[in-house]
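Enquirer: I have a structure I would like to understand better, so I am pasting it below and will then ask my questions one at a time.
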Amino acid sequence: MARTSNSPVTYLLRDPKARKPTPIICAVRFNNQRINVGTGFKVLPSHWDIRKSRVKNVVDAIDKEQINRYLENTEDAISSIITELKANLSALTKENVRARISAYLNPIVETVQPQSTEPALFTFIADFINRAPKRINPDTGKNVEYRTIQRYKTALNGLQEFAKSYRRKVDFDTIDLDFYEDFTTWLTFTKGYTVNNVGKYIQMLKTFLNEASAKGINVKQDYRSRGFKVVNENADAVFLSETEIEQLLALDLSKQDRLERVRDLFVVGCYTGLRFSDLTNLRPEYIKDGLIRIEQQKTADKVVIPCHEVVTQMLEKYNGILPRSISNQKMNDYLKEVCQLSGINTIESKAQTKGGKRVIKSVEKWQLVSTHTARRSFATNMYLLGIPALTIMQITGHRTEKAFMKYIKLDREQHAKVMALHWQNQRKAVESLKAI
Numbered sequence: 001m002a003r004t005s006n007s008p009v010t011y012l013l014r015d016p017k018a019r020k021p022t023p024i025i026c027a028v029r030f031n032n033q034r035i036n037v038g039t040g041f042k043v044l045p046s047h048w049d050i051r052k053s054r055v056k057n058v059v060d061a062i063d064k065e066q067i068n069r070y071l072e073n074t075e076d077a078i079s080s081i082i083t084e085l086k087a088n089l090s091a092l093t094k095e096n097v098r099a100r101i102s103a104y105l106n107p108i109v110e111t112v113q114p115q116s117t118e119p120a121l122f123t124f125i126a127d128f129i130n131r132a133p134k135r136i137n138p139d140t141g142k143n144v145e146y147r148t149i150q151r152y153k154t155a156l157n158g159l160q161e162f163a164k165s166y167r168r169k170v171d172f173d174t175i176d177l178d179f180y181e182d183f184t185t186w187l188t189f190t191k192g193y194t195v196n197n198v199g200k201y202i203q204m205l206k207t208f209l210n211e212a213s214a215k216g217i218n219v220k221q222d223y224r225s226r227g228f229k230v231v232n233e234n235a236d237a238v239f240l241s242e243t244e245i246e247q248l249l250a251l252d253l254s255k256q257d258r259l260e261r262v263r264d265l266f267v268v269g270c271y272t273g274l275r276f277s278d279l280t281n282l283r284p285e286y287i288k289d290g291l292i293r294i295e296q297q298k299t300a301d302k303v304v305i306p307c308h309e310v311v312t313q314m315l316e317k318y319n320g321i322l323p324r325s326i327s328n329q330k331m332n333d334y335l336k337e338v339c340q341l342s343g344i345n346t347i348e349s350k351a352q353t354k355g356g357k358r359v360i361k362s363v364e365k366w367q368l369v370s371t372h373t374a375r376r377s378f379a380t381n382m383y384l385l386g387i388p389a390l391t392i393m394q395i396t397g398h399r400t401e402k403a404f405m406k407y408i409k410l411d412r413e414q415h416a417k418v419m420a421l422h423w424q425n426q427r428k429a430v431e432s433l434k435a436i
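As structure tokens, this is what we get:
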């Protein structure tokens, strides 16, 4: 992907005229300042695409796919770092930017010793995290994402904090069903986490233990049992109807650039079903004969999506390159602000189990909208039109109907209307055949 005006990253060759492989340098620009960061990769200048700042797709270019994946992921991570630091302008200094980038490229995990000797489990997890930025995900063929690494670190910090007060040493040989019960109880009642948050900690722990077992480490096998489960509950998520999406489009945000860009990016998501990680990769060259053909960043699956006229208009508005998404927190904050201004304020019920208690509260709908609402809105609105689930799944990239149906947020009356619509379409089809 070529660098856009919104990206702080440019990749350059140290010696563009060299006759042998030369280092690829990452130039990071912010607030009229610049720092250079080494990528660790070299390439022949004749194999380098200056316009796209990537290795050309030529046979002789060795490891081109690996290098380009690394450059793409690193650019995304650095863009997120710059965006986070911009929230506090005094923190946006060369020293801070260089330190944060260095921490991402060469993460050092500070570990806490709950006892005199560091548990082998924590040492293994720290090493697992250190190696993560250059590890390839076997399912997608891409580098591990920045946010995934952050989740690894959060899980390790939680385990270390728990170990400081736990009656037993936390290590490979003590991760059993008793540990599971004590750890989930601590996360639930001491930390006050929701059921889904507790589940994320257990899911990360299982990831660590699976990796350790695959490397021949003697791991207690209780974590594979049914009792050592990743708990979760259905979240009261919302979707926006076609009418509400039109309300967003009708809102005049011409004098509020930050909100306009977030609104436009969100609406494109509502009409494509793409994740936000894929939206900013959408380019005019991916659209042909009214269809969008794109490879999903998260799964590496290729999807084909009919191009809605709103999507075409947005691409034209931004000269073919959609705005880059900012940090997830800021995106969600701005999006809620846009939805509130648009009058999306019907009362919704939000229920979740937190700290072991079932909490139900009524809130205005705009408070529940997040970036992921766009993808859910697309799936639900298409389903309401009577389009079969399997057809929509081919567009969203869902691999199982069970996973897809979690996106469909309809009440019983709406489901009944969908069935009635199916019957109506079936009757029309039969009548058309009879008329032939």
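Read in UniProt numbering, the sequence shown has 239 at position 239, and its numbers run on one by one without any break. Just so you know, even glycine gets a beta-carbon here, dropped at the ideal spot from N, CA and C. Computed from a predicted model, the values in this text were never measured in an experiment.
1. Sort Gln297, Trp48 and Lys191 by Cα distance to Lys357 and report the nearest one.
2. Per the DSSP calculation, Glu348 is bridged to which residue(s)?
3. Tell me the rounded alpha-carbon separation between Ala132 and Arg226.
4. Would you decide whether Ser116 is buried or exposed? Buried here means 16 or more other CB atoms lie within 10 Å of its CB.
5. Thinking C-beta only, is Glu364 closer than 8 Å to Asn381?
6. Would Ala77 be called buried (16 or more neighbouring beta carbons within 10 Å of its own) or exposed?
7. Quick check on the DSSP output: what are the complete alpha helix (DSSP H) runs of length 4 or more inside the segment 6-87, in order along the chain?
8. Counting only the same chain and skipping the five closest in sequence on each side, list residues whose C-beta sits under 6 Å from that of Tyr407.
9. Does Trp423 pass the burial test, meaning 16 or more other C-beta atoms within 10 Å, or should it be called exposed?
10. Give the straight-line distance between the Cα atoms of Asn425 and Ala235, rounded to the nearest whole angstrom.
11. In terms of residues, what are the limits of the alpha helix (DSSP H) holding Arg151?
12. With three or more beta-carbon pairs closer than 8 Å as the criterion, would you say the segment 299-310 touches the segment 96-105?
13. Tell me the rounded alpha-carbon separation between Phe30 and Glu75.
14. Near Pro21, what residues of its chain come up, given a Cβ to Cβ distance below 7 Å and the 5 sequence neighbours on each side ignored?
15. What three-state label does DSSP hand Thr194 in the structure shown?
16. Whole angstroms is fine: what's the gap from Phe124's alpha carbon to Thr154's?
17. Report the option in Ser370, Pro323 and Gln297 whose CA atom is closest to the CA atom of Asn73.
18. By DSSP's criteria, Thr353 is part of a beta bridge. Which residues make up the other side?
19. Classify Glu118 as helix, strand or coil using the three-state DSSP reduction.
20. Quick one, which of Thr400, Leu121, Gly199 and Val55 has its alpha-carbon nearest Val231's?
21. DSSP three-state call for Lys234: helix, strand or coil?
22. Whole angstroms is fine: what's the gap from Leu282's alpha carbon to Ile321's?
23. Can you name the residues that DSSP bridges to Lys302?
24. Can you list, in chain order, the residues of its chain with a C-beta nearer than 8 Å to that of Lys94? Leave out the 5 residues immediately preceding and following it.
25. Whole-angstrom Cβ separation of Glu260 and Leu253, contact assumed at under 8 Å?
26. Using the C-alpha atoms, what's the distance from Asn210 back to Leu385?
27. Taking only the alpha-carbon atoms, compute the straight-line gap between Lys169 and Phe179 and give it to the nearest angstrom.
28. Do Asn143 and Tyr70 have their beta-carbon atoms positioned less than 8 Å apart in this structure?
29. If you follow the alpha helix (DSSP H) that residue 460 is in, where does it begin and where does it stop?
30. Cα-Cα, which of Asn68, Arg51, His47 and Ser53 is closest to Ala61?
31. For Gln367 versus Val359, is the C-beta distance shorter than 8 Å?
32. Helix, strand or coil, according to DSSP, for Ile326 in the structure here?
33. Mapping DSSP to helix, strand and coil, what is Ile287?
34. Enumerate in chain order the residues of its own chain whose CB-to-CB distance from Asn196 is below 7 Å, with the five nearest sequence positions on each side excluded.
35. Using the C-alpha atoms, what's the distance from Glu242 back to Leu421?
36. Whole angstroms is fine: what's the gap from Asn106's alpha carbon to Asn96's?
Expert: A quick look at the data gives this:
1. Lys191
2. Glu348 has Val363 as its beta-bridge partners, per DSSP.
3. 28 Å
4. Bear in mind that a pLDDT of 46 at Ser116, under 50, signals an unreliable position, so the model cannot answer this.
5. no
6. Its Cβ being crowded by 16 or more others within 10 Å, Ala77 is buried.
7. 64-86
8. Within the same chain, Tyr407 has close Cβ partners Arg376 and Ala379.
9. It is exposed - the Cβ of Trp423 has fewer than 16 other Cβ atoms within 10 Å.
10. 32 Å
11. Tyr146 to Ser165
12. no
13. 14 Å
14. Lys42, Val43 and Leu44
15. strand
16. Rounded to the nearest whole angstrom, the CA to CA distance from Phe124 to Thr154 is 15 Å.
17. When the alpha-carbon of Asn73 is set against those of Ser370, Pro323 and Gln297, the nearest one is in Gln297.
18. In DSSP, Thr353 forms a bridge with Arg358.
19. Glu118: coil per DSSP, three-state reduction.
20. Gly199
21. Before going on, a small fix: residue 234 reads as Asn here, not Lys. Coil.
22. Just so you know, the alpha carbons of Leu282 and Ile321 end up roughly 7 Å apart.
23. DSSP, once it has assigned bridges, lists Glu295 as partnering Lys302.
24. Excluding its 5 nearest sequence neighbours in each direction, Lys94 has C-beta neighbours in its own chain below 8 Å: Gln33 and Ile35, listed in chain order.
25. 4 Å
26. 42 Å
27. Straight-line Cα distance between these residues: approximately 10 Å.
28. yes
29. Any property of residue 460 remains undetermined from this structure, which presents the chain solely from 1 to 436.
30. His47
31. no
32. coil
33. strand
34. Asn232, Glu233 and Ala235
35. 17 Å
36. When rounded, the distance between both Cα atoms is 15 Å.
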